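Residue numbers (UniProt numbering): 1 to 458.
Just so it is clear, CB atoms sit at the ideal spot from N, CA and C, and this is done for glycine as well.
These figures come from a predicted structure and were not determined experimentally.
Worksheet: the structure to be examined is printed underneath.
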């Protein structure tokens, strides 16, 4: 390949337009010869018709640029002048350049082993949706604010830090912002709090404490907040509870106790709450149960026990409940069986046993069940097989043998099944293989011969 073709970026004055990675090279040197042959071609279709055709291909950047744009000068002009909606996903080593950059509306960069050159963004005048995972750090982040029209920005996992965050406040049209896992502390949260137009933000897995939570709480316009995996504690929860416009909140793994859940119980607009991995006991569950408007609750990995489960049953509007690892036992399962409105239940890691499985089997309306690691054995599998509305089931790590697999195989309506790490042999795999309606199956971690497992895993 010539030095000219290896060049990282060359502007339009050189009449070289290419977008390249290890699979894609677009060069005007190759296409110019074709254009010369098509110079005298007459226009067969109106530009409006060509535009409609190209609109259906908006997600196939390579086909539009490498094929459609080479049909004729008319097609090329329509692509360049009117198709400002193109989407491009870039992985591995990437070289970008040329006049087609101005047509990219959505760019998704995943380069974990290389650093994306953010300077090329200045040529993407139509870009409004940007995702970059490439360790761009502070230096790369400074190139992003020139994209004044951005509405969606995902810079998750880029080691941006507090200084890199400062410049994002210039993005006045941004409404959806994901800056998860970027080594941001309270100072960075202060800069972010100035982004008053945001409605949805993920600032999870950073290093934000109670002062940072106070800054974030000033963003009254937010409706969706993910502050998962920080260290805000009960005092931080008090600040977050003042965000009266929130409908979706992920505050998991933040060292919240019962007091923190009491503060959150005042948030009457919440419909989704993820509060897993904190320090709630049954009293904390009682406070959470006061959120009568919730439809989705994730309260697992808290020691709420069977009494906490009893409080949760008072939430009659819940349709989705994740209560895995909450120490509820078979008594907690007995309480939960009364929740006739639930359709999705995650109750893994709760030591239910076969008796607890029997209680769960009375929830005939369930369509999705995760009962992983509960030692329900074959008797419990028999009970679960009575749930004829189930579409998705995870019954892994439950000491189920071939007999239990036979019961599971009777769930003819299942489309997704995970039955990993049980005690199945080839005979059990044969029962599972009769479930021809399955579209997803995981049967790993069982004593199945290679030939049978190849049939079972698809």
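Would the beta-carbon of residue i be found less than 8 Å away from any heavy atom of the ligand NAD?
i: residue 271; result: This structure lacks the ligand NAD; in fact it carries no ligand of any kind.
With distances taken from CA atoms, which of the options is nearest residue i?
i: residue 348; options: 442, 291, 426, 398; result: 398
i: residue 120; options: 143, 184, 430; result: 143
i: residue 149; options: 165, 176, 164, 157; result: 176
i: residue 346; options: 355, 310, 296; result: 296
i: residue 236; options: 267, 225, 217; result: 217
i: residue 182; options: 170, 161, 317, 167; result: 161
i: residue 273; options: 282, 300, 422; result: 300
i: residue 198; options: 180, 184, 204, 171; result: 171
i: residue 329; options: 387, 209, 290, 376; result: 376
i: residue 107; options: 72, 73, 153; result: 153
i: residue 436; options: 413, 359, 305, 131; result: 413
i: residue 131; options: 125, 111, 205, 420; result: 111
i: residue 140; options: 165, 126, 127; result: 165
i: residue 392; options: 369, 374, 404; result: 369
i: residue 186; options: 201, 232, 355; result: 232
i: residue 395; options: 442, 430, 364; result: 442
i: residue 155; options: 190, 124, 123, 116; result: 116
i: residue 278; options: 192, 291, 250; result: 250
i: residue 208; options: 200, 196, 253, 169; result: 253
i: residue 129; options: 118, 91, 147; result: 147
i: residue 88; options: 73, 104, 194; result: 104
i: residue 157; options: 204, 200, 326; result: 204
i: residue 467; options: 415, 118, 282, 193; result: Nothing can be reported for residue 467: it is not among the residues displayed for the chain, which extend from 1 to 458.
Exposed or buried, what is residue i when buried is set at 16 or more other beta-carbons lying within 10 Å of its beta-carbon?
i: residue 340; result: exposed
i: residue 445; result: exposed
i: residue 49; result: exposed
i: residue 45; result: exposed
i: residue 100; result: buried
i: residue 113; result: exposed
i: residue 173; result: exposed
i: residue 382; result: buried
i: residue 449; result: exposed
i: residue 289; result: buried
i: residue 451; result: exposed
i: residue 14; result: Interpretation of residue 14 is limited by its pLDDT of 36, a score under 50 that renders its predicted location unreliable; no figure is taken from the coordinates.
i: residue 220; result: exposed
i: residue 122; result: exposed
i: residue 225; result: buried
i: residue 189; result: buried
i: residue 262; result: buried
i: residue 467; result: What is shown of the chain runs 1 to 458, which leaves residue 467 out entirely.
i: residue 1; result: Caution applies to residue 1, whose pLDDT of 39 falls short of 50 and renders its modelled position unreliable; the model cannot decide the point.
i: residue 316; result: exposed
i: residue 196; result: exposed
i: residue 326; result: buried
Counting along the chain, where does the beta strand (DSSP E) carrying residue i start and finish?
i: residue 297; result: 296-298
i: residue 287; result: Here residue 287 belongs to no beta strand (DSSP E); instead the alpha helix (DSSP H) covers 282-288.
i: residue 424; result: Element bounds for residue 424: n/a, residue is neither H nor E.
i: residue 104; result: 104-110
i: residue 334; result: Counting along the chain, residue 334 falls outside any beta strand (DSSP E), though it belongs to the alpha helix (DSSP H) covering 329-336.
i: residue 226; result: 224-226
i: residue 402; result: From DSSP, residue 402 is part of no beta strand (DSSP E) but of the alpha helix (DSSP H) over 402-408.
i: residue 154; result: 152-154
Measuring CB to CB, does residue i end up less than 9 Å from residue j?
i: residue 362; j: residue 402; result: no
i: residue 352; j: residue 380; result: yes
i: residue 245; j: residue 230; result: no
i: residue 371; j: residue 407; result: no
i: residue 243; j: residue 259; result: no
i: residue 322; j: residue 276; result: yes
i: residue 294; j: residue 318; result: yes
i: residue 285; j: residue 308; result: yes
i: residue 367; j: residue 344; result: yes
i: residue 270; j: residue 239; result: no
i: residue 109; j: residue 133; result: yes
i: residue 400; j: residue 417; result: no
i: residue 378; j: residue 342; result: no
The alpha helix (DSSP H) spanning residue i covers which residue range?
i: residue 383; result: 377-384
i: residue 234; result: 233-240
i: residue 354; result: 353-360
i: residue 259; result: 258-264
i: residue 186; result: 186-192
i: residue 216; result: 210-216
i: residue 310; result: 305-312
i: residue 467; result: Because the chain is modelled from 1 through 458, residue 467 falls outside the range shown and cannot be assessed.
Can you tell me which residues form a DSSP beta bridge with residue i?
i: residue 272; result: 248, 296
i: residue 416; result: 392, 440
i: residue 91; result: 110
i: residue 201; result: 177, 225
i: residue 131; result: 108, 154
i: residue 322; result: 298, 346
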